[in-house]
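See structure below.
Protein chains in written order, with my numbering: chain D, 1 to 377; chain L, 1001 to 1377.
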């Protein structure tokens, strides 16, 4: 039996790589649904190739050629009985309600949209434990942790999230203030979407991953460390109570964690995924992160520790601030200032419902917009 | 219920460290039997401390104070109904028949004596598959592989055995010929017995480990690679069909793999085992092994591939040659010459029984003795 997959965010970087994996294993996987936002051209081509039963397009039906599919909202696709795995790869807040719909329906969700867990981790994990929905990580770091935990009976004593350090590793605060969007969009190891590439440069992405790891692996924040590892070969590590550490490694290629989430608990041979050639590896190095120069990492971990609606504000403020940086309205180091301001202003709710999260999201964005307006007056 | 452990080779390096682990977990483990060779003083103290029900002493009963234990041959201890785990840590050929006895009785064997598997791997694994005896590795490398395979459903596509390279890493053949026993007994990362320390210096130990891995994990020789990793932090790695690699790491301390074999499938918190401090790790590096300068590695892998009685001759010739090197009769680089000569002279038996193995062992030693005599004439 083929696994029937719905790809939410099929025209984004993760979505396209997911379809690439599916292409490699036509006997294992079939695409039953595709959902995308703006890129109607690419979505049309994907529909022609994969002939999904269901389609969602933010830009509306009229832009798409009808080749027999049915248009459905993402929320309906995510919980549809014909879907075995929901690959959630919409960026930012866009996929949140679809993920909630999948979790409520007890689906298996391959989760690339980290904002869902960061913003609504408490709600999602509570519902998932009732519906027995399974959330499988697609992020390379969380996939690494998940692979390392495979077969272990006990909780890890420590999770070590590795980080490349991004394109501005070892930059000073002064240098960071002069960074352009073009520079920030060049990641040393990974090809990714714009938002996550900027988040990688500020280390906000690593902070969001700490919160994601907290929810995915039920790990206290004190047991999650971040370690800079510029070569991006070790994708994360887990330490156990006896001091033994397991690490997962590979050449940096998102198709591996995507494929693992789809093929789990099996692994599939994929010649397209390059093997590590050890004679080409000069050395693996490790450094402690610089929380002062990269305050987003600290802000994110603090927001995660405080919990409640703080992480939702963190995400929203960051999304807003990154957009402003990309459109040239603020400097690179102002991203952290914006997020910090939004968090300071936030009046948090301890155990929020979805509506509280949505309101906090809106307030977080507003804080950033106001702050930028004020600062530029 | 405490696990009841028989320690064969209790006065050796692995034996002493096993007792150290047992000391740390009096509620988990009890010592029901101790077996040792020459070191009667230490064995007496161990008996007084652990009060085992059974004792074996190569030097005979009269040298030991009787404090209520029963003297039994190692073979009887190894299959005794009161023993849950046999920790087999006698060095060289000495523990072979005890290991066979344990395997025949369907025991769980924590195997530190790699010669057993190297010499009689075919026999042991055949019997073990019938009696359902479990062979758990204690070698740090094989423990690493075992930990990495935990929870995986499929065979690994590649096993990467790491090697520190020993104290003479990067030595030339000329430098190696002038090496003294004192120099060879100083291993850069591990505290071990004499035989295995010399085997580490010649890389014979890594060759024996390749053969051991072949039998333990049913891996074809083509899928087992050796990788020099001088820092001895990564204890081995496993690559899967999707290109994902898992590595196990820790500070070099044999108590960790010993403890893991005893506590498996659980892990136990042991404050005596140091944690890796990542800010103290400068870098991890990797090199391909130099088969020409360290011919023992090549000889061992070839003997493993040929199979039959070749690995028994390899082990025996090496044991004899190492003794001769330690007693000053041959040079360091002659160890490989001796082993090569013994293998060349050997008329192998394809699917040997225990007697064939024992005969090959004797012939291997004889070859070395003759060769050394001839060379010095």
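Glycine included, every Cβ here is placed at the ideal spot set by N, Cα and C.
| said: Any C-beta of chain D within less than 7 Å: which residues of the stretch 1276-1298 of chain L qualify? | reply: 1276, 1278, 1279, 1281, 1283, 1284, 1285, 1286, 1288
| said: I'd like the list of long-range same chain contacts for residue 225 (chain D), defined as Cβ closer than 8 Å, with 5 residues on each side in sequence excluded. | reply: Taking the first chain and counting its residues from 1, the one referred to as residue 225 (chain D) is at position 225. Closer than 8 Å at Cβ, skipping near neighbours: 158, 159, 160, 161.
| field | Contact list for residue 169 (chain D) against chain L, beta-carbon separation under 8 Å | value | Residue mapping note: residue 169 (chain D) aligns to position 169 of the first chain, counting from 1. By Cβ distance, chain L contributes nothing, its closest Cβ being about 16 Å from residue 169 (chain D), past 8 Å.
| query | Okay, do the stretch 338-349 of chain D and the stretch 310-328 of chain D touch, 3+ Cβ pairs below 8 Å being the bar? | reply | yes
| Where does residue 1286 (chain L) fall in DSSP's three states? | One-based indexing of the second chain puts residue 1286 (chain L) at position 286. Three-state DSSP puts residue 1286 (chain L) in coil, outside helix and strand.
| Going along chain L in order, which residues have a C-beta closer than 7 Å to the C-beta of residue 250 (chain D)? | Here residue 250 (chain D) refers to the residue found at position 250 of the first chain. Here the neighbours are 1243, 1244, 1245.
| Beta-bridge partners of residue 69 (chain D), as assigned by DSSP | Locating residue 69 (chain D) in the first chain gives position 69, counting from the first residue. Paired residues: none, contrary to the question.
| task | Please list the residues of the stretch 141-171 of chain D that have a C-beta atom closer than 9 Å to any C-beta atom in chain L, keeping them in chain order. | result | 143, 144, 147, 148, 149, 150, 151, 152, 153, 154, 157, 158, 160
| task | Could you pull out every residue in the same chain whose Cβ sits closer than 6 Å to the Cβ of residue 1007 (chain L), ignoring the five residues on either side in sequence? | result | Along the second chain, read from residue 1 onward, the residue named residue 1007 (chain L) stands at position 7. Excluding residues within five positions, the ones whose Cβ falls inside 6 Å are 1015, 1018, 1034, 1087.
| Which residues of chain L have a Cβ atom closer than 7 Å to the Cβ of residue 191 (chain D), listed in chain order? | Numbered from 1 along the first chain, position 191 holds the residue referred to as residue 191 (chain D). In chain order: nothing, as chain L lies at least about 17 Å away.
| Cβ neighbour criterion (16 or more within 10 Å) applied to residue 327 (chain D) | Here residue 327 (chain D) is taken as the residue at index 327 of the first chain, counted from 1. So residue 327 (chain D) ends up on the exposed side.
| request: State the DSSP-derived secondary structure class of residue 158 (chain D), mapped to helix, strand or coil. | output: Here residue 158 (chain D) corresponds to residue number 158 of the first chain, with the count starting at 1. It is a strand residue.
| task | Residues of the stretch 257-272 of chain D with a CB closer than 8 Å to any CB of chain L: list them in chain order, please. | result | 259, 260, 263, 265, 266, 267, 268, 269, 270
| Since residue 1030 (chain L) is in the alpha helix (DSSP H), which residue starts that stretch and which ends it? | Your numbering for residue 1030 (chain L) matches position 30 in the second chain. Residue 1030 (chain L) -> not in any alpha helix (DSSP H); beta strand (DSSP E) instead, spanning 1029-1036.
| Span of the alpha helix (DSSP H) holding residue 122 (chain D)? | Position 122 of the first chain, counting from 1, holds the residue named residue 122 (chain D). Residues 114-131.
| query | Leaving out five residues before and five after residue 1050 (chain L) in sequence, what residues of the same chain have Cβ atoms less than 6 Å from its Cβ? | reply | Taking the first residue of the second chain as 1, we reach residue 1050 (chain L) at position 50. Contacts found: 1031.
| Helix, strand or coil at residue 1273 (chain L) according to DSSP, with G and I counted as helix | Looking up residue 1273 (chain L) in the second chain gives position 273. Three-state result, residue 1273 (chain L): coil.
| query | What separation, rounded to the nearest whole angstrom, lies between the Cα atoms of residue 1069 (chain L) and residue 1303 (chain L)? | reply | Here residue 1069 (chain L) refers to the residue found at position 69 when the second chain is read from its first residue. Here residue 1303 (chain L) refers to the residue found at position 303 when the second chain is read from its first residue. Each residue's alpha carbon lies about 42 Å from the other.
| message | List, in chain order, every chain L residue whose beta-carbon is nearer than 7 Å to that of residue 227 (chain D). | response | Position 227 of the first chain, counting from 1, holds the residue named residue 227 (chain D). Per Cβ cutoff of 7 Å: 1278.
| residue 138 (chain D) and residue 103 (chain D): beta carbons closer than 8 Å? | Taking the first chain and counting its residues from 1, the one referred to as residue 138 (chain D) is at position 138. Taking the first chain and counting its residues from 1, the one referred to as residue 103 (chain D) is at position 103. No, the Cβ-Cβ distance between residue 138 (chain D) and residue 103 (chain D) is not below 8 Å.
| message | For a quick check, are the C-beta atoms of residue 1289 (chain L) and residue 1238 (chain L) less than 8 Å apart? | response | If you number the second chain from 1, residue 1289 (chain L) lands on position 289. If you number the second chain from 1, residue 1238 (chain L) lands on position 238. Contact: no.
| Interface flag, residue 302 (chain D) vs chain L, CB-CB below 8 Å | Reading the first chain from its first residue, position 302 is the one you call residue 302 (chain D). Not an interface residue.
| Cutoff 8 Å: residue 1240 (chain L) Cβ touching any chain D Cβ | Taking the second chain and counting its residues from 1, the one referred to as residue 1240 (chain L) is at position 240. Yes, its Cβ sits closer than 8 Å to a Cβ of chain D.
| Would you say residue 1255 (chain L) and residue 1084 (chain L) are within 8 Å of each other, going by their C-beta atoms? | Working through the second chain from its first residue, we reach residue 1255 (chain L) at position 255. Working through the second chain from its first residue, we reach residue 1084 (chain L) at position 84. Going by C-beta atoms, residue 1255 (chain L) is not nearer than 8 Å to residue 1084 (chain L).
| query | residue 55 (chain D) bridges to which residues according to DSSP? | reply | Locating residue 55 (chain D) in the first chain gives position 55, counting from the first residue. Bridge partners of residue 55 (chain D): D:34, D:71.
| Beta carbon of residue 1152 (chain L) nearer than 8 Å to that of residue 270 (chain D) | Translated into positions along the second chain, residue 1152 (chain L) becomes position 152. Translated into positions along the first chain, residue 270 (chain D) becomes position 270. In this structure, residue 270 (chain D) does not lie closer than 8 Å to residue 1152 (chain L) by Cβ.
| message | Can you confirm whether the stretch 1245-1264 of chain L touches the stretch 232-251 of chain D when touching is taken to mean that 3 or more C-beta pairs between the two stretches lie within less than 8 Å? | response | yes
| task | Please work out which residues of its chain come closer than 7 Å, Cβ to Cβ, to residue 1349 (chain L), disregarding the five sequence neighbours upstream and downstream, and give them in chain order. | result | One-based indexing of the second chain puts residue 1349 (chain L) at position 349. So the qualifying residues of the chain are 1308, 1309, 1356.
| task | Using a Cβ cut-off of 8 Å (strictly closer), state whether residue 274 (chain D) contacts chain L. | result | Position 274 of the first chain, counted from the first residue, corresponds to residue 274 (chain D). Interface residue, yes.
| said: For residue 222 (chain D) and residue 145 (chain D), I'd like the C-alpha separation in whole angstroms. | reply: Taking the first residue of the first chain as 1, we reach residue 222 (chain D) at position 222. Taking the first residue of the first chain as 1, we reach residue 145 (chain D) at position 145. Their Cα atoms are separated by approximately 16 Å.
| query | Okay, do the stretch 1275-1291 of chain L and the stretch 270-283 of chain D touch, 3+ Cβ pairs below 8 Å being the bar? | reply | yes
| request: Grab the span of the beta strand (DSSP E) containing residue 237 (chain D) for me, first residue to last. | output: Mapped onto the first chain, residue 237 (chain D) falls at position 237. First-last of the beta strand (DSSP E) with residue 237 (chain D): 234-239.
| query | residue 1103 (chain L) by DSSP, collapsed to three states: which one? | reply | In the second chain, counting from the first residue as 1, residue 1103 (chain L) sits at position 103. Three-state result, residue 1103 (chain L): helix.
| field | Start and end residues, alpha helix (DSSP H) containing residue 1001 (chain L) | value | For the purposes of this step, residue 1001 (chain L) is taken as the residue at position 1 of the second chain. It is not in any alpha helix (DSSP H) - residue 1001 (chain L) carries neither H nor E in the DSSP assignment.
| So what's residue 248 (chain D) in DSSP terms, helix, strand or just coil? | Locating residue 248 (chain D) in the first chain gives position 248, counting from the first residue. The answer is strand: DSSP assigns residue 248 (chain D) an E or B state.
| Comparing alpha-carbon positions, which option in L:1039, L:1012, L:1073, L:1136 lies nearest residue 1090 (chain L)? | The residue labelled residue 1090 (chain L) in the question sits at position 90 within the second chain. Closest option to residue 1090 (chain L), Cα to Cα, is L:1012.
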